[in-house]
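Contents: one structure, followed by commentary.
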Amino acid sequence: MAISGAEEQFDYRILRLTDMTEEPMKFLAPIGGYQDMPLVSLEQAVEPLTSLLPAVQNYAYLVKQRCDKPADGLTPDESAAIMLYSMGWKPLDQCLFVALNAALRSADRRNLKPWFLFLKLFLTALYRLPSISRYTVYRGVKLNLNERYKKEKTVMWWGFSSCTTSIELLQSEHIVGKTGPRTIFCIECNSGKDIRKHSYDPSENEILLLPGTQFKVVGCLNPDSNLHTIQLQEIQPPVTILQHPFRLDHLQTKPVAGKRLIITSFWYYKKFIKFF
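Each residue of the sequence shown is one higher than the one before, counting from 275 in the working numbering.
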């Protein structure tokens, strides 16, 4: 088993920040069934995945060794599940975060069954973290996605969505850069999870949005033919899209209020896009 270096892990981080292009942009069946599974160790949780991800047990062992005293009151197995998600390895189609998000975005919900034990552990860990409330986070990609996100449209992202708190990170030529077609998402989230204390690379300011997060497109600006900025506001769906991993009245966490950067005017947009 080859352990990827810091530069290669950064490439996987970029992939997580830009994979909104894989979203089906249609309504799928809600995500459930996993919540009835027992809460087991990480080693047991990944066992049903070995036919899909041949190396997953090796990486599960690696991250478990790094989670002796996890933060936020999580168990070593819970913290290690988050760390395993934040890792990348080759081949990509056998990498956990790629394969999991592909299953979540599939219209065939039977594809999720091998993931039920891992989802139970992973989502239990994430639900035990405080939610980041009224916090603006960012994603971006070197493509024009303007036609997919029209103002007032409601959209849903079915995979786990990695975001950054650092707008400067988007300026990297590997993510958005400053030339060519590019789209920047400014997302006001209410349920994001700060996973940096449990990430394989703790220097990353990564906020994770859960599957089935719904948004309203509240603003769009195209200052030139190549730069498109889209403002999304997280909204509550009228039905339960993602079943909770446990009874919420057992949960002892409070929302964390973050920096609120709400883009409400074209004047602010013009200041904002000077970055790019």
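All C-beta atoms, glycine included, are put in the ideal place defined by N, C-alpha and C.
Can you give me the C-alpha to C-alpha distance between residue i and residue j, rounded to a whole angstrom?
i      : j      : result
Asp346 : Phe371 : 22 angstroms
Lys452 : Ser436 : 21 angstroms
Tyr286 : Arg470 : 15 angstroms
Met294 : Thr349 : 30 angstroms
His448 : Leu483 : 22 angstroms
Tyr543 : Met311 : The predicted model places Tyr543 with a pLDDT of 47, which falls under 50 and marks its position as unreliable; any figure quoted below should be read in that light. So the two alpha carbons sit approximately 46 angstroms from each other.
Phe520 : Leu391 : 13 angstroms
Arg534 : Arg408 : Caution is warranted here: a pLDDT of 46 is assigned to Arg534, below 50, making its placement in the model unreliable, and the coordinate value is therefore given only provisionally. Near 6 angstroms, if we compare the C-alpha coordinates of Arg408 and Arg534.
Ile504 : Ser405 : 23 angstroms
Leu316 : Trp389 : 12 angstroms
Phe284 : Lys338 : 21 angstroms
Gln309 : Pro497 : 45 angstroms
Gly454 : Arg383 : 37 angstroms
Leu551 : Asp342 : The requested residue 551 does not occur in the structure, where the chain is confined to residues 275 to 550.
Leu403 : Pro344 : 12 angstroms
Gly493 : Arg413 : 15 angstroms
Pro512 : Tyr401 : 20 angstroms
Pro485 : Ser353 : 19 angstroms
Ala355 : Asn464 : 23 angstroms
Thr428 : Thr398 : 27 angstroms
Gln526 : Leu323 : Because Gln526 carries a pLDDT of 49, less than 50, the predicted location of this residue cannot be relied on, and the following value inherits that uncertainty. About 31 angstroms.
Thr487 : Thr514 : 10 angstroms
Leu495 : Val415 : 16 angstroms
Asn385 : Cys369 : 16 angstroms
Pro304 : Leu516 : 6 angstroms
Kindly indicate which residue of the options has the alpha-carbon position closest to the one of residue i.
i      : options                           : result
Gly362 : Ala373, Thr398 and Ser353         : Ala373
Gly306 : Glu442, Lys394 and Tyr335         : Lys394
Thr457 : Asn479, His472, Ile441 and His518 : Ile441
Leu289 : Thr514, Leu506 and Phe434         : Phe434
Ile328 : Pro365, Cys341, Pro344 and Arg340 : Going by the sequence as given, residue 328 is Pro instead of Ile. The shortest C-alpha separation from Pro328 is found at Pro365.
Ser360 : Asp468, Gln488 and Cys494         : Asp468
His502 : Asn420, Gln517 and Leu313         : Asn420
Glu478 : Leu443, Ala319 and Pro304         : Leu443
Met299 : Phe396, Arg379 and Phe459         : Arg379
Gln507 : Val513, Cys460, Gln517 and Glu480 : Cys460
Glu480 : Thr514, Gly466, Gln488 and Phe489 : Gly466
Asp367 : Ser325, Thr514 and Glu426         : Ser325
Lys387 : Glu426, Glu321, Arg340 and Cys369 : Glu321
Lys425 : Ser446, Phe489 and Pro476         : Phe489
Leu313 : Gln510, Phe396, Leu302 and Thr439 : Phe396
Buried or exposed for residue i, please, with buried defined as at least 16 other CB atoms from any protein chain shown within 10 angstroms of its CB.
i      : result
Ala381 : exposed
Ala377 : buried
Val411 : buried
Ser499 : exposed
Leu291 : buried
Val450 : buried
Glu462 : buried
Asn375 : buried
Ala334 : buried
Ala319 : buried
Verify the CB distance criterion: does residue i have a CB-CB separation below 9 angstroms to chain C?
i      : result
Asn385 : The structure shown contains no chain C; it is built from a single protein chain.
Return the Cβ separation of residue i and residue j in integer angstroms, given the expectation that the two are a contact with Cβ distance under 8 angstroms.
i      : j      : result
Val491 : Tyr423 : 5 angstroms
Trp431 : Glu297 : 5 angstroms
His472 : Met357 : 6 angstroms
Unbroken stretches of the beta strand (DSSP E), 3 residues or longer, contained in the stretch 386-474
Complete beta strand (DSSP E) runs here, min 3: 405-407, 409-415, 428-431, 435-438, 456-463 and 466-468.
Write down every uninterrupted run of the alpha helix (DSSP H) in the stretch 468-514 whose length is 4 residues or greater and which is fully enclosed by it, in chain order.
None, since the stretch 468-514 contains no complete alpha helix (DSSP H) of that length.
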